[in-house]
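Engineer: Numbers in the numbering used here are just positions in the sequence shown, counted from 1, shifted up by 2.
Idealized CB from N, CA, C, for every residue including glycine.
All values reported here derive from a predicted model rather than from experimental measurement.
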Amino acid sequence: MHHDGKCSRPHGHNYEISVRIVGDLTEEGWVVDKGEVTSVIDRWDHRFLLEEGDPLVEAFEASGDGDAVVLFEAPPTAEVMSVVLERRLAEELPDNVRDVSVQVSETSELCGGSF
């Protein structure tokens, strides 16, 4: 929505997400259960990531696939996705977690990180 390049057209990506978590060990011997991390990430799996106000939102809703859309306040670039995911994990993981950093990569050369 913000530019005229080929990426302004609807298209897809496969992303690689790296998560680094720092915290105190639990009685189970880990900082956090992997399932707690993947449950947050999985909310984006097989979904169409769109910026709020994108006209495609209405098209998905009209077709009955509104639940296939994840809305972002900014364009869903790898950089924005990194920041959003990092914040969500920090909010949802247990109190023993002291630090979370996330890197979302759309190719081996292009990635977003913590800001």
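#1: Looking only at its own chain, which residues have a Cβ that is under 7 Å from the Cβ of L27, when we skip the five neighbours before and after it?
#2: Give the C-beta separation of V99 and S84 to the nearest angstrom, bearing in mind that I take them to be a contact with Cβ-Cβ under 8 Å.
#3: First and last residue of the beta strand (DSSP E) that includes E1?
#4: Ignore the nearest five residues each way along the sequence and tell me which others in A71's own chain have a CB closer than 7 Å to its CB.
#5: Using alpha carbons as the reference points, say which of E88, E93, G25 and K36 lies closest to S103.
#6: Looking at E38 and A80, is the spacing between their C-beta atoms short of 8 Å?
#7: Can you tell me whether E60 is helix, strand or coil according to DSSP?
#8: Classify P12 as buried or exposed, calling it buried when 16 or more other Cβ atoms lie within 10 Å of its own Cβ.
#9: For P96, count the other beta carbons within 10 Å of its own beta carbon; 16 or more makes it buried, fewer makes it exposed. Which is it?
#10: Residue range of the alpha helix (DSSP H) that I106 falls in?
Structural biologist: According to the structure shown:
#1: Residue mapping note: residue 27 aligns to position 25 of the sequence shown, counting from 1. Taking C-beta separations shorter than 7 Å and ignoring five residues to either side along the sequence, the partners of L27 in its chain run V33, following chain order.
#2: In the sequence shown, residue 99 corresponds to position 97, counting from 1. In the sequence shown, residue 84 corresponds to position 82, counting from 1. In this structure V99 is not in contact with S84, their Cβ atoms being roughly 17 Å apart against a cut-off of 8 Å.
#3: Here the chain covers residues 3 to 117 and nothing more, so residue 1 does not appear.
#4: In the sequence shown, counting from the first residue as 1, residue 71 sits at position 69. Reading the sequence as shown, one finds Val at residue 71 and not Ala. Cβ within range, chain order: R49, F50, L52, V59 and F62.
#5: Counted from its first residue, the sequence shown places residue 103 at position 101. Relative to S103, the option among E88, E93, G25 and K36 whose CA is nearest is E88.
#6: To locate residue 80, count along the sequence shown from 1; it is residue 78. To locate residue 38, count along the sequence shown from 1; it is residue 36. The Cβ-Cβ distance between A80 and E38 does not fall below 8 Å.
#7: Here the question's residue 60 lines up with position 58 in the sequence shown. Helix.
#8: Position 10 of the sequence shown holds residue 12. P12 should be labelled exposed.
#9: Within the sequence shown, numbered from 1, the residue matching residue 96 stands at position 94. Taking all protein chains in view, the Cβ of P96 is surrounded by fewer than 16 other Cβ atoms within 10 Å, so the residue is classified as exposed.
#10: If you number the sequence shown from 1, residue 106 lands on position 104. The question names Ile, yet the displayed sequence has Val at residue 106. It is not in any alpha helix (DSSP H) - V106 instead sits in the beta strand (DSSP E) that spans V99 to S107.
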